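A.B. asks: Below you will find the structure I want to go over with you.
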DNA sequence: CGCGTCAAGATCGTATATCATTTGGAATAC
DNA sequence: GTATTCCAAATGATATACGATCTTGACGCG
């Protein structure tokens, strides 16, 4: 009942604040809003055909999640990541993702392991004709297969947030450190073998953790050698 | 003018939205707003002598942080924690806090270790004439000494957020599981010994992790035996 | 006596309006 | 030519107003 169709459209079961949130977030995650991009309230409000109030709320949520930074009376911009923060985030991601992987290990079916191995094979195949962006995508998929079944949703959430922070860096470490990709594929296979053989969970956890820490070390070593990249 | 000390002054270097955020958060963390307490926008706005808009933004931020839950057209309330979520949060806290502790271990000065030991001695002394609330406070202080110097601010932040979630449960596990407190003190001393003797970082990490996991297991075992407590 | 319907109050959702702050550039003085 | 001051446009911050939705309890019917 109550066809109050005066204003034209119903709430669509989604508040405008929520719509704004998803809209902005999607644009950040898809890369259309690059790190440092300035989010102007009025402009976004016009594009979404809403007032600024819901947009403000959306940005506040994104701020609390760390996807955007905010300065009073100045505005919001897509969060940037500096080298030091990258290192810290990678380190914590190593710990959390390692734990998530080991917690998921005994739930891995042969099918899922096969799927992971397929992805890793694709990564190996792409080593010639190397495309960092593509490789990073596959890398993410590979690890997602290993931890997405994690029975602890809280840890899973932390892993996702960690990956989100990483996206602020254009194409992850593989863009900078050429040799790292090949080692990475080898370590992937090693992790899969551990899971298949039902190795001790701690061994799996440490393998996954050290895999990521090795990537981080490759990055920092490269930084040392070549001077800081233009990450700001 | 200035009927109330808070009205027409200058911005005081703090936006109203920010003030509302801190005000609500302080009330939640101090326990004045217990889990489940309903946060009514208009009421809070009147108490702070501001309009509802800044209050809304504050609550959005708190929502994104997980301190409050929100339902459309119904309102916000201080986040509650159910048993299953408690287990998941404790598990992730075990992992993160263990990592934080080991990362901080080699930065621990003899003074800080002594401070931690003093706190643990106080915990031991309070075992007779047991007060769960007091014991929980000391427990938090003890661990804080062990990880607050963590060089990775990101991990430190995660530890804090984990503890925040825990507060939603009245007085932690020590209220339920009488025997656990004594074991806890022993394990604390064990951790301190490991740090003092500069044991392998992994051993320290696992000791800290298992210490918390043991508390969790004591809780779940108690749950099994006595039926679910009234945690809602 | 129980259940459905409806109306009133409470509360949330959003738009509009106004004030405050920042920022960039033009005008002016040196 | 450079530096400084000041003004105006852009943008953010907040208040107020009104419509939408939910909750609650009264009322009538079976």
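Chains as they are written, first to last, in this note's numbering: chain A, 1 to 232; chain B, 1 to 232.
C-beta: ideal position from N, C-alpha, C; glycine also.
This one's a predicted model, so the numbers in the text were calculated from it and none came from an experiment.
Out of curiosity, what's the CA-to-CA distance linking residue 103 of chain B and residue 129 of chain A?
C.D. replies: The straight-line gap from Cα to Cα measures roughly 40 angstroms.
A.B. asks: Taking a Cβ distance cut-off of 7 angstroms, strictly less, list which residues of the stretch 150 to 184 of chain A are near chain B, in chain order.
C.D. replies: Residues 152, 153, 154, 155 and 158.
A.B. asks: Would you report the Cα separation of residue 17 of chain A and residue 23 of chain A, rounded to the nearest angstrom?
C.D. replies: Whole-angstrom Cα-Cα distance: 10 angstroms.
A.B. asks: Is the beta carbon of residue 98 of chain A closer than 9 angstroms to that of residue 165 of chain A?
C.D. replies: Contact flag unset, no.
A.B. asks: Determine the burial state of residue 72 of chain B: buried for a count of at least 16 other Cβ atoms within 10 Å of its Cβ, exposed for fewer.
C.D. replies: Exposed is the call here.
A.B. asks: Hey, is the stretch 119 to 138 of chain A in contact with the stretch 149 to 158 of chain A, meaning 3+ C-beta pairs nearer than 8 angstroms?
C.D. replies: Because the criterion of three Cβ pairs below 8 angstroms is not met, the stretch 119 to 138 of chain A and the stretch 149 to 158 of chain A do not touch.
A.B. asks: By the 9 angstroms beta-carbon criterion, what residues does the stretch 29 to 53 of chain A contribute toward chain B?
C.D. replies: Per Cβ criterion, the list reads 53.
A.B. asks: Which of the residues in the stretch 79 to 92 of chain B, read from start to end, lie with their CB under 8 angstroms from any CB of chain A?
C.D. replies: The stretch 79 to 92 of chain B vs chain A, Cβ under 8 angstroms: 85, 88, 89, 91 and 92.
A.B. asks: For residue 190 of chain A, count the other beta carbons within 10 Å of its own beta carbon; 16 or more makes it buried, fewer makes it exposed. Which is it?
C.D. replies: Per the 10 Å Cβ criterion, exposed.
A.B. asks: Which word fits residue 34 of chain B, buried or exposed, when buried means at least 16 other C-beta atoms lie within 10 angstroms of its C-beta?
C.D. replies: The residue in question, residue 34 of chain B, is exposed, as its Cβ has fewer than 16 Cβ neighbours within 10 Å.
A.B. asks: Give me the residue from B/37, B/183, B/14 and B/136 with the minimum Cα distance to residue 173 of chain B.
C.D. replies: Out of B/37, B/183, B/14 and B/136, B/136 has the C-alpha closest to the C-alpha of residue 173 of chain B.
A.B. asks: Answer with buried or exposed for residue 105 of chain B, where buried requires no fewer than 16 other C-beta atoms within 10 angstroms of its C-beta.
C.D. replies: So residue 105 of chain B ends up on the buried side.
A.B. asks: Run through DSSP, which three-state label would residue 52 of chain B get?
C.D. replies: Three-state DSSP puts residue 52 of chain B in a helix.
A.B. asks: Hey, which unbroken runs of the alpha helix (DSSP H) at 4 residues or more fall wholly within the stretch 44 to 108 of chain B?
C.D. replies: Listed in chain order, the complete alpha helix (DSSP H) runs (minimum 4 residues) inside the stretch 44 to 108 of chain B are 52 to 65 and 83 to 105.
A.B. asks: According to DSSP, simplified to helix, strand and coil, what is residue 169 of chain B?
C.D. replies: Coil, per DSSP.
A.B. asks: Apply the 10 Å Cβ neighbour rule to residue 167 of chain A and answer buried if 16 or more other Cβ atoms are within range, or exposed otherwise.
C.D. replies: That one is buried.
A.B. asks: Which word fits residue 74 of chain A, buried or exposed, when buried means at least 16 other C-beta atoms lie within 10 angstroms of its C-beta?
C.D. replies: Burial call: exposed.
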